[in-house]
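Accompanying notes for the structure given below.
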Amino acid sequence: MQTPVIAAVDGGTIVGTRAGSGAPTLVLHGGPGLSDYTEGLEDELADLCELVRYTQRGVKPSVTSGPFTVEQHVADAVAMLDAAGWDRAWVLGHSWGGHLAMHLAIAHPDRLLGVISVSALGSAGDGGAAEFEAEMMARTPPADRDRAEELDQRAMAGKGTEEEALEALRMVWRAYFAHPEHATPMPPLRLSVPCYAETFESLTAHLKAGYLERHLPDLALPALIVHGRRDPIPYWSAEQTAALLRDVSLEPIEDCGHLPWLEQPGQLRRHISGFLAAH
Numbered sequence: 006m007q008t009p010v011i012a013a014v015d016g017g018t019i020v021g022t023r024a025g026s027g028a029p030t031l032v033l034h035g036g037p038g039l040s041d042y043t044e045g046l047e048d049e050l051a052d053l054c055e056l057v058r059y060t061q062r063g064v065k066p067s068v069t070s071g072p073f074t075v076e077q078h079v080a081d082a083v084a085m086l087d088a089a090g091w092d093r094a095w096v097l098g099h100s101w102g103g104h105l106a107m108h109l110a111i112a113h114p115d116r117l118l119g120v121i122s123v124s125a126l127g128s129a130g131d132g133g134a135a136e137f138e139a140e141m142m143a144r145t146p147p148a149d150r151d152r153a154e155e156l157d158q159r160a161m162a163g164k165g166t167e168e169e170a171l172e173a174l175r176m177v178w179r180a181y182f183a184h185p186e187h188a189t190p191m192p193p194l195r196l197s198v199p200c201y202a203e204t205f206e207s208l209t210a211h212l213k214a215g216y217l218e219r220h221l222p223d224l225a226l227p228a229l230i231v232h233g234r235r236d237p238i239p240y241w242s243a244e245q246t247a248a249l250l251r252d253v254s255l256e257p258i259e260d261c262g263h264l265p266w267l268e269q270p271g272q273l274r275r276h277i278s279g280f281l282a283a284h
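Numbering (our numbering), first residue to last: 6 to 284.
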């Protein structure tokens with residue numbers, strides 16, 4: 006059963022839900038600029054985690070205005086911890102959300118029990134972004150490739166419409182999977198082009214400045230990194246992030262792309278269960 010969790014933030018509110026029982030866990034979905042798509046985690050982690058999931062800034066029902074910076078997304082996550090009534094919790098981030106989780110841990114280690122990063126953009130160099138983009142295009146049918154790349158470049162520049170950005174995402178959706186022919190249908194999604202463009206600009210600036218590379222070695226929190234061997238975000242980027250952390254478990258999922266709870270049901274739960282039991 007889901008119950009609402011609503012946090013007051015700069016510009017309005019962030020809207021989420023609470024479900025499950027077990028370890029208090031804040032979920033950060035990927036994107037950036039997407040609506041929340043992580044409802045499948047509630048089944049995957051049933052009776053293991055009490056999950057608070059929320060729609061990040063940029064997309065209704067949460068506040069749609071900026072600023073769309075890493076710092077603002079971190080502040081919004083802290084506001085959700087407050088709204089959930091948690092002094093400390095685990096944070097579980099997927100894709101961009103896993104990258105954001107590292108920023109949250111650095112900024113507010115006193116609010117976290119630890120970090121669980123799933124299929125995340127890396128924390129060193131460019132995070133694997135260039136190879137990710139090339140691999141996504143390589144896995145996309147040639148008939149769609151040029152159009153998808155054109156529309157994504159428009160979105161990255163803060164141009165184009167939500168409909169165009171979602172058209173591009175539908176064209177490349179199957180490329181997220183280790184076996185594109187077995188991809189599940191893309192869920193209904195919303196997308197904020199300004200949030201997508203401006204947040205990427207912010208996170209790229211942090212990567213170029215080496216922010217996470219400088220600060221993650223000082224992080225004393227335990228961390229679990231789970232990454233599919235066939236994720237279009239390269240596995241080596243997860244290895245680079247793990248090498249920066251003091252107390253880390255790096256767990257690969259074989260024959261898996263970017264969405265482990267869809268591609269290899271039960272594997273993510275197995276890794277998280279063992280990690281929580283050890284801590």
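Ideal placement from N, C-alpha and C gives every residue a C-beta, glycine not left out.
Predicted model only: the values in this text are computed from it and were never measured.
In DSSP terms, what residue i is bridged to
| i | result |
| --- | --- |
| residue 9 | 22 |
| residue 120 | 96 and 228 |
| residue 238 | Bridge partners of residue 238: none, in fact. |
Beta-carbon proximity list for residue i, same chain, < 8 Å, skipping 5 on both sides
| i | result |
| --- | --- |
| residue 249 | 128, 129, 217, 218, 221 and 222 |
| residue 126 | 100, 101, 103, 104, 132, 133, 134, 137, 208, 238 and 242 |
| residue 87 | 12 |
| residue 52 | 25, 26 and 27 |
| residue 169 | 156, 159 and 160 |
| residue 167 | 195, 196, 197 and 198 |
For residue i, three-class secondary structure by DSSP
| i | result |
| --- | --- |
| residue 56 | strand |
| residue 253 | strand |
| residue 184 | coil |
| residue 5 | The requested residue 5 is not part of the displayed model; the chain covers only 6 to 284. |
| residue 17 | strand |
| residue 233 | strand |
| residue 277 | helix |
| residue 221 | helix |
| residue 126 | coil |
| residue 111 | helix |
| residue 264 | coil |
| residue 208 | helix |
Beta-carbon gap between residue i and residue j smaller than 9 Å
| i | j | result |
| --- | --- | --- |
| residue 30 | residue 49 | no |
| residue 58 | residue 80 | no |
| residue 68 | residue 109 | no |
| residue 246 | residue 107 | yes |
| residue 229 | residue 253 | yes |
| residue 256 | residue 231 | yes |
| residue 179 | residue 172 | no |
Cβ shell of residue i (< 7 Å), same chain only, five flanking positions each side left out
| i | result |
| --- | --- |
| residue 139 | none |
| residue 284 | 119 and 227 |
| residue 142 | 150 and 154 |
| residue 183 | 233, 235, 260, 261, 262 and 268 |
| residue 192 | 42 |
Cβ-based burial, residue i [other Cβ within 10 Å; buried from 16]
| i | result |
| --- | --- |
| residue 265 | buried |
| residue 61 | buried |
| residue 162 | exposed |
| residue 15 | exposed |
| residue 272 | buried |
| residue 70 | exposed |
| residue 176 | buried |
| residue 190 | exposed |
Distance cut-off 8 Å: residue i Cβ against heavy atoms of the ligand ADP
| i | result |
| --- | --- |
| residue 239 | Of ligands this structure carries none, so the ligand ADP is not represented either. |
Beta-carbon proximity list for residue i, same chain, < 6 Å, skipping 5 on both sides
| i | result |
| --- | --- |
| residue 97 | 30, 32 and 121 |
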